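Number of protein chains: 2
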Amino acid sequence: MSAFEYFQENWTPVINDFLEKLLKDEVDDHKISQIMAYSVMAGGKRLRPLLFLSTLNTLGKKIDESEIRIACGIELIHTYSLIHDDLPAMDNDDYRRGKLTSHKKWGEAEAILAGDALLPMGIQWIAEGSQSAELVSIITRAVGPNGMVGGQYLDIDSTNNSSVSNDDKFINRMEWLKTGCLIEASVEMAAVYAKASDIEKVKLVDFSRVFGRAYQIYDDLVDIVETSEEAGKATHKDEEEGKNNTLTLLGIDKSRQKLKELINEAKDDLKDLNSEVLLGFLDLYKKVL
Amino acid sequence: MSAFEYFQENWTPVINDFLEKLLKDEVDDHKISQIMAYSVMAGGKRLRPLLFLSTLNTLGKKIDESEIRIACGIELIHTYSLIHDDLPAMDNDDYRRGKLTSHKKWGEAEAILAGDALLPMGIQWIAEGSQSAELVSIITRAVGPNGMVGGQYLDIDSTNNSSVSNDDKFINRMEWLKTGCLIEASVEMAAVYAKASDIEKVKLVDFSRVFGRAYQIYDDLVDIVETSEEAGKATHKDEEEGKNNTLTLLGIDKSRQKLKELINEAKDDLKDLNSEVLLGFLDLYKKVL
């Protein structure tokens, strides 16, 4: 078992237990708690919280309850983004991770509100776990109009807009904002929280940017390579709906090539760090190569 | 001119200019910036930012750019809540402050995303203006599942549910969460930020709770007393749609009586403070008495 697999097997249940317990204990209304937990506990990989914790590990920072609270705050925010992305007015998806999406299960108003509840609670956990206004600044910038929500807006705005379907720069920017910003923030928050040196921080943030860019290409490839059953959501859907991404731009072979290049770049960023665990994240991409 | 009127006339344009300038300068994408600013600049009274600043004034804290940034962060969050409340899946309102609502003007996806952009940016401004994780904790709790969003959920869940239309306790709780929590947070953040003594803080927070409770009754009375043209939105709508509030429970006369009692209670809370400006907020309610 690799260091990464060991780390993942160790901390994933801790994250899951914490999320389940706190959504029960810290949300007063039972029904809202249930609606929030339905999506949070739907079987995500906990990639972003694990990335946060792995970066702490790389920097020799001990992981305790405060650190888990921050990590889980990131997952709440990620879940909010999925719930809103799936809404009828947005991507209009019926299934996510093999289960009915929030609005299909609970209703549209309930899904909007579940997302609206998860976002501030995620930021709250980050603020209270870290006691740091700087971490709040990092996460709120990453998910605001110049980050994740900005990317989602460009996506909505450009769907079926053929004038941008071949615009490499536009697509890179959109994909970066949609997915990369939150991944970068997960690593950057860990670097700031663990008081990394300037050099460590630059390397880690560089790694997170390359990893995040690779993740989007990976995600698009999963959409094509896997069957709908394996992926737990509707696949082959992006192309049908006129969505523009690196895959529709480069095709499968060149996307795989690009992904390999990015993996090597990411490995390079981690070279001089105590990065055994972080390196393991790159193995995730093997299944589409 | 009262001290309150002077304060309001002095700071309202400062708040408005700051909001307009920063939404232009700090949002990269012109179109998203425009959609956000459309709702933020739609002519609100800036009640919550003014409450924050007036509480600072009461405590003798100087108002400078950092303080304005926090105040404006509160207004972004308030505006997000209005945009999402108006959505078709929620209250389905076409007009707000006499203008088309965000989703009517820009589309539903755009309105959801404008709200999703304003919330984290509002928290960001509060974090960066205050450099305080405690203020972030106060604001995120106030707007999360145990605060504003929780109230909105109870509202949606109880509309046309006759089993709660006579439940005084349920209605008080729902109205408190929907409107009161953010008002209380505006005052509590100022008390923490200006390092109020424990006694000052208790009095100010008490005041904010009574003021917030009164505000909801006032808002419901405006819905009946004013014509649609004066209020800038559809009035007499709550009753038609089976919405439960203090007004449908008590009727107009007893609601007015209740409001008068709350005003006296609020005045009592402010008695020993340097509260000339804060007291003036209570004059707002005169127009429905």
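Taken in order, these protein sequences are the chains called B and F.
The first sequence begins at 1214 in this note's numbering and counts up by one.
The second sequence begins at 1214 in this note's numbering and counts up by one.
Every residue, glycine too, gets a C-beta built ideally from N, C-alpha and C.
Every value quoted in this text rests on a predicted model; they were computed, and no experiment measured them.
(1) Using alpha carbons as the reference points, say which of Ala-1427(B), Ser-1488(B), Leu-1486(B) and Leu-1462(B) lies closest to Lys-1499(B).
(2) Per DSSP, Tyr-1308(F) is paired with what?
(3) Going by Cα to Cα distance, which pick from Asn-1457(F), Met-1303(F), Lys-1274(F) and Gly-1335(F) is closest to Glu-1321(F)?
(4) Hey, is Asn-1359(B)'s beta-carbon within less than 8 Å of any beta-carbon in chain F?
(5) Please identify, using Cβ separations under 7 Å, the residues of the region 1383–1416 of chain F that lie next to chain B, in order along the chain.
(6) Between Asn-1487(B), Phe-1383(B) and Ile-1248(B), which lies nearest to Pro-1358(F) when the distance is taken from Cα to Cα?
(7) Taking Leu-1260(F) and Glu-1413(F) to be in contact with their CB atoms under 8 Å, please state how far apart those CB atoms are, rounded to whole angstroms.
(8) Do you know whose CA, among Val-1418(F), Leu-1460(F) and Phe-1420(F), lies nearest Val-1438(F)'s CA?
(9) So within the region 1291–1376 of chain B, which uninterrupted alpha helix (DSSP H) runs reach at least 4 residues, ignoring any that extend past its ends?
(10) Check whether chain F comes within 8 Å of Gly-1425(B), counting only Cβ atoms and requiring the distance to be less than that.
(11) In the DSSP assignment, the alpha helix (DSSP H) including Ile-1276(B) goes from what residue to what residue?
(12) With a threshold of 8 Å between beta-carbons, can Met-1303(F) be considered close to chain B, or not?
(13) Using the beta-carbon of each residue, which ones in chain F are nearer than 7 Å to His-1291(B)?
(14) Is the beta carbon of Ala-1330(F) closer than 8 Å to that of Ile-1245(F)?
(15) Counting along the chain, where does the alpha helix (DSSP H) carrying Val-1227(B) start and finish?
(16) Is the CB of Ala-1284(F) under 8 Å away from at least one CB in chain B?
(17) When burial is assigned at 16 or more other CB atoms within 10 Å of the CB, is Ile-1465(B) buried or exposed?
(18) May I ask you to report which of helix, strand or coil DSSP gives Arg-1259(F)?
(19) At a Cβ threshold of 8 Å, is Leu-1332(B) touching chain F?
(20) Just to confirm, are Ile-1521(F) and Gly-1335(F) a CB contact at a threshold of 8 Å?
(21) Is there a Cβ from chain F that is less than 8 Å from the Cβ of Val-1377(B)?
(22) For Glu-1341(B), return the contacting residues in chain F, with the cut-off set at a CB-CB distance below 8 Å.
(23) Contact criterion: CB-CB distance below 8 Å. Does Ala-1322(B) meet it with respect to chain F?
(24) Under a CB-based cut-off of 8 Å, is Thr-1353(B) close to chain F?
(25) Apply the 10 Å Cβ neighbour rule to His-1243(B) and answer buried if 16 or more other Cβ atoms are within range, or exposed otherwise.
(26) Given a cut-off of 8 Å on the beta-carbon distance, is the pair Glu-1288(F) and Leu-1236(F) in contact?
(27) Within the 8 Å Cβ cut-off, does Tyr-1366(F) reach chain B?
(28) Roughly how far, in whole angstroms, is the beta-carbon of Gly-1393(F) from the beta-carbon of Gly-1363(F), given that I think they are within contact range, below 8 Å?
(29) For the alpha helix (DSSP H) holding Tyr-1498(B), just list the boundary residues, first then last.
Straight from the coordinates:
(1) Ala-1427(B)
(2) Leu-1313(F)
(3) Minimum Cα-Cα distance from Glu-1321(F) among the listed residues Asn-1457(F), Met-1303(F), Lys-1274(F) and Gly-1335(F) corresponds to Met-1303(F).
(4) yes
(5) Those residues of the region 1383–1416 of chain F that come within reach of chain B (Cβ to Cβ, closer than 7 Å) do not exist; the list is empty.
(6) Ile-1248(B)
(7) At roughly 21 Å, the Cβ-Cβ gap does not stay under 8 Å, so Leu-1260(F) and Glu-1413(F) are not in contact.
(8) Leu-1460(F)
(9) 1315–1319, 1321–1343, 1346–1356 and 1361–1371
(10) Chain F contact via Cβ: absent.
(11) Taken as a continuous stretch (DSSP letters only), Ile-1276(B) belongs to no alpha helix (DSSP H), as it is neither H nor E.
(12) Chain B, which has a Cβ nearer than 8 Å to the Cβ of Met-1303(F), makes this yes.
(13) What His-1291(B) touches in chain F: nothing, since even the nearest Cβ is about 13 Å away.
(14) Cβ atoms of Ile-1245(F) and Ala-1330(F): closer than 8 Å.
(15) 1216–1238
(16) It does not; no Cβ of chain B falls within 8 Å.
(17) Ile-1465(B) comes out exposed.
(18) coil
(19) The beta carbon of Leu-1332(B) sits closer than 8 Å to some beta carbon of chain F.
(20) No information on residue 1521(F) is available, as it lies outside the stretch 1214 to 1502 that chain F covers here.
(21) no
(22) Residues of chain F with a Cβ closer than 8 Å to the Cβ of Glu-1341(B) are, in chain order, Ala-1346 and Ser-1350.
(23) yes
(24) yes
(25) exposed
(26) no
(27) yes
(28) So it is not a contact: roughly 12 Å between Cβ atoms.
(29) From DSSP, Tyr-1498(B) is part of no alpha helix (DSSP H); its letter is neither H nor E.
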